[in-house]
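In order, the protein sequence lines correspond to chains C and D. The opening residue of the first sequence carries number 1 in the numbering used here; numbering runs sequentially from there. The opening residue of the second sequence carries number 1001 in the numbering used here; numbering runs sequentially from there. Quick notes on the structure that follows.
There are 2 protein chains.
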Amino acid sequence: MPPRRCNHPLNPASYSDDSETDDYDDEEEELNCTMRCISCEEDYDPDDAGTCKECYEEANEIEEEYKREIEELKAKVNFLKLSYPVEPNGHSNPYALTHTDVVLIPYGDSSSGSVHAHKAILVSRSPVFKAMLENDMEESRSGIIKIDDVSYDALSAFVNYLYTAETCLDDQMAFDLLVLAEKYEVKHLKAFCEKFLISGLNLDKAIANYAFAHQHNAKQLQDSALALIIDNMDRFTRCEEYADLKDTNPRVVVEIFEAYLAKQVNTASPLKL
Amino acid sequence: MPPRRCNHPLNPASYSDDSETDDYDDEEEELNCTMRCISCEEDYDPDDAGTCKECYEEANEIEEEYKREIEELKAKVNFLKLSYPVEPNGHSNPYALTHTDVVLIPYGDSSSGSVHAHKAILVSRSPVFKAMLENDMEESRSGIIKIDDVSYDALSAFVNYLYTAETCLDDQMAFDLLVLAEKYEVKHLKAFCEKFLISGLNLDKAIANYAFAHQHNAKQLQDSALALIIDNMDRFTRCEEYADLKDTNPRVVVEIFEAYLAKQVNTASPLKL
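Right, dumping it as structure tokens:
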């Protein structure tokens, strides 16, 4: 593509609308201008002009500042996170974790072991553990916390997250960890699981996710799933999950219809009402 | 200031250098263009053009992504940092800090108390504490760590930083914490103190900072102080601190002169050599 050129008056007189444009012909060499984007280095038309040089340079400085701040925050995260040693089989290694003073037992999973931890960490991450371990309760005295209806793998991932703020998720693990995060009031983990589930949402998963989010007070996920469902109401009412949901939880179905109706009313043009 | 306008050929024929510029006169209305910066909304001259619209929009999206990443990292830092309760008088409150299993005693400061902490935190933040507390050493058995030549205030701020990655600094506290960070290999705190001292550097402080940095292996601070000194060698050799340093640490003075000479040689023009 040939470079786009435009003539522009360097002569201050030309700022006035009364300027003599005839003068340009004699000064063509001087008046020609090419605008080349400093960023992508492509020539551009004045209609596609973005910013002046000063704003470009300022934006560049701001970007550098953001990058520095990100690096500093990442270093802070690395400093603050605690290592929670996990063996190659995914099980925690109590021998590598020194000075532990509490054991968490997955009560619903008789097949595997327990998860060792430090009271100080559990207390700092969860108001529920704090109340449990700083008062004269059975768990505080015995140093044993039994947790119902949870697999060893989910409990281990949960405790690991309390140490590191990191975990690997698939849908099932995100559901399991969101339940634990809700129960023990670990907001950061709950938001992390919701974000993961929202990023993988599609219409096939929307009903299950909506019902789950409804049950566990996961507002962000609930809103995202609901938006997807009411955008596809016809398909929704024809799928198998809909029939199941109508049987098991008709109140949830009513809520979805109410949201659908509210959207219809809000988006209808005044003439049609 | 009147808007700056330039004529530009919308006619594709004008891309060629042979185009007839006479045509523009008849099409003035159509050909006029005003370039207004999308960011500051000021009109600008083509010579001051920055980026095209596409790059501006892309840069905006990247900026939004950086902002989101910063927010997420800040939330992660808040989740990971542990509270270390400090009373209004600046002293730690062992009763508010539950499940502690180690006490740090400032051996050089007989006036005040001790600092309570958790072995698990000290071990995770410092390789020196890790070696001390995970092996069969006196400190590991007794749960008491005596630290020489440190004030209670510095030790308390040091332990607080291990929990929170935060502290309030003045020059003296930055020196004290840098010494502890060096001794216990807490790199994050050492970098934090160096950055603080560098930000407040001036010629009056440069010699003391250089000598201190030299002694405690603080490379960033040492380089910054040295650069300031050799830019002002004449003033440096006339100040009181110079005379003291020559007496107490002549090797450091020699190093400064060597750096000065190296700079002279490097910046001299080839003709003068």
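Quick reminder that beta carbons are idealized off the backbone N, C-alpha and C, glycines included.
Subject >> C/PHE79 at chain D interface by Cβ criterion, 8 Å >> reply: Here residue 79 of chain C refers to the residue found at position 79 of the first sequence. It does: the Cβ of C/PHE79 has a partner Cβ on chain D nearer than 8 Å.
Subject >> Cβ shell of D/TYR1242 (< 8 Å), same chain only, five flanking positions each side left out >> reply: Your numbering for residue 1242 of chain D matches position 242 in the second sequence. Cβ neighbours of D/TYR1242 beyond the five flanking positions: ILE1207, PHE1236 and VAL1253.
Original post:
Nearest chain C C-beta to D/TYR1210 closer than 8 Å, yes or no?
Top reply: Residue numbering aside, residue 1210 of chain D sits at position 210 when the second sequence is read from its first letter. No - not a single Cβ of chain C is within 8 Å of the one on D/TYR1210.
Original post:
For C/SER14, is the classification buried or exposed, using 16 other Cβ atoms within 10 angstroms of its Cβ as the cut-off for buried?
Top reply: What you label residue 14 of chain C is simply residue 14 of the first sequence in a count that begins at 1. Residue confidence for C/SER14 is low, a pLDDT of 36 falling below 50, so the modelled location carries little weight; the figure read from the coordinates is stated next. That one is buried.
Original post:
For C/HIS116, which beta-bridge partners are listed by DSSP?
Top reply: Position 116 of the first sequence, counted from the start, is the residue given in the question as residue 116 of chain C. Paired residues: C/VAL103.
Original post:
Name the DSSP beta bridge partners of D/LYS1146, please?
Top reply: Taking the first residue of the second sequence as 1, we reach residue 1146 of chain D at position 146. The partner list for D/LYS1146 (beta bridge, DSSP) reads D/ILE1105.
Original post:
If you scan the region 1167-1251 of chain D from start to end, which runs of the alpha helix (DSSP H) of 4 or more residues do you find wholly inside it?
Top reply: 1171-1183, 1187-1199, 1203-1215, 1219-1230, 1233-1238 and 1240-1248
Subject >> Residue range of the unbroken alpha helix (DSSP H) whose run includes D/CYS1055 >> reply: Within the second sequence, numbered from 1, the residue matching residue 1055 of chain D stands at position 55. 1053-1080 is the span of the alpha helix (DSSP H), which, as asked, contains D/CYS1055.
Subject >> Enclosing alpha helix (DSSP H) for C/ALA131 [first to last residue] >> reply: Start at 1 with the first residue of the first sequence, and residue 131 of chain C comes out as number 131. From DSSP, the alpha helix (DSSP H) with C/ALA131 extends over 127-134.
**OP:** Please determine, among C/PHE79, C/LYS74, C/ALA59 and C/VAL115, the residue with the shortest C-alpha to C-alpha distance to D/LEU1162.
**Re:** Taking the second sequence and counting its residues from 1, the one referred to as residue 1162 of chain D is at position 162. Comparing Cα-Cα distances from D/LEU1162 to each of C/PHE79, C/LYS74, C/ALA59 and C/VAL115, the minimum goes to C/PHE79.
**OP:** Name the residue from C/PRO106, C/LYS81, C/ILE121 and C/LEU178 whose alpha carbon lies nearest to the alpha carbon of C/THR100.
**Re:** The residue you call residue 100 of chain C lines up with position 100 of the first sequence. Checked all of C/PRO106, C/LYS81, C/ILE121 and C/LEU178; the closest Cα to C/THR100 is C/ILE121.
Original post:
Are the beta-carbon atoms belonging to C/LYS81 and C/THR167 less than 8 Å from one another?
Top reply: The residue you call residue 81 of chain C lines up with position 81 of the first sequence. The residue you call residue 167 of chain C lines up with position 167 of the first sequence. No. Outside cutoff.
**OP:** Measure the C-alpha to C-alpha separation of C/GLU69 and D/PHE1192 and round it to an integer number of angstroms.
**Re:** The residue given as residue 69 of chain C occupies position 69 in the first sequence. The residue given as residue 1192 of chain D occupies position 192 in the second sequence. For C/GLU69 and D/PHE1192, the distance between alpha carbons rounds to 13 Å.
Subject >> Assigned exposure category for D/ILE1144 - 16 Cβ within 10 Å defines buried >> reply: Here residue 1144 of chain D corresponds to residue number 144 of the second sequence, with the count starting at 1. Under this definition D/ILE1144 is an exposed residue.
Original post:
Just the Cα atoms here: how many angstroms apart are D/ILE1256 and D/HIS1216?
Top reply: Residue numbering aside, residue 1256 of chain D sits at position 256 when the second sequence is read from its first letter. Residue numbering aside, residue 1216 of chain D sits at position 216 when the second sequence is read from its first letter. If you take the alpha carbons of D/ILE1256 and D/HIS1216, they lie about 17 Å apart.
Subject >> Buried versus exposed call for D/THR1248 [16 or more other C-beta atoms within 10 Å across all chains shown] >> reply: Locating residue 1248 of chain D in the second sequence gives position 248, counting from the first residue. Under this definition D/THR1248 is an exposed residue.
Subject >> 8 Å contact criterion, which C/HIS116 and D/HIS1118 should meet: CB distance rounded >> reply: Start at 1 with the first residue of the first sequence, and residue 116 of chain C comes out as number 116. Start at 1 with the first residue of the second sequence, and residue 1118 of chain D comes out as number 118. About 15 Å separates the two Cβ atoms, so there is no contact after all.
Original post:
Who are the near neighbours of D/LYS1246 in its chain, counting only those whose CB is closer than 6 Å to its CB and skipping five residues on each side?
Top reply: For this step, residue 1246 of chain D is matched to residue 246 along the second sequence. Counting only Cβ-Cβ distances below 6 Å, and skipping sequence neighbours, we find VAL1253.
Original post:
Can you name the residues of chain D whose CB is closer than 7 Å to the CB of C/PRO127?
Top reply: Along the first sequence, one-based indexing puts residue 127 of chain C at 127. What C/PRO127 touches in chain D: nothing, since even the nearest Cβ is about 12 Å away.
**OP:** Kindly indicate if chain D contains any beta-carbon less than 8 Å away from that of C/HIS188.
**Re:** Within the first sequence, numbered from 1, the residue matching residue 188 of chain C stands at position 188. So, interface residue.
**OP:** Would you check if the distance between the CB atom of D/GLU1194 and the CB atom of D/GLN1172 is smaller than 8 Å?
**Re:** Against the second sequence, residue 1194 of chain D aligns to sequence position 194. Against the second sequence, residue 1172 of chain D aligns to sequence position 172. No, these two residues do not count as a Cβ contact at 8 Å.
Original post:
Whose Cβ in chain C lies nearer than 9 Å to the Cβ of D/ASP1136?
Top reply: The residue given as residue 1136 of chain D occupies position 136 in the second sequence. Simply none; closest approach about 12 Å.
**OP:** Look at the alpha carbon of D/LYS1190 and the alpha carbon of C/GLU72, and state the distance between them as a whole number of angstroms.
**Re:** As a working mapping, residue 1190 of chain D is identified with position 190 in the second sequence. As a working mapping, residue 72 of chain C is identified with position 72 in the first sequence. Going from the Cα of D/LYS1190 to the Cα of C/GLU72 covers about 14 Å.
Original post:
Would you say the region 127-136 of chain C touches the region 1120-1136 of chain D, given that touching needs at least three Cβ pairs under 8 Å?
Top reply: no
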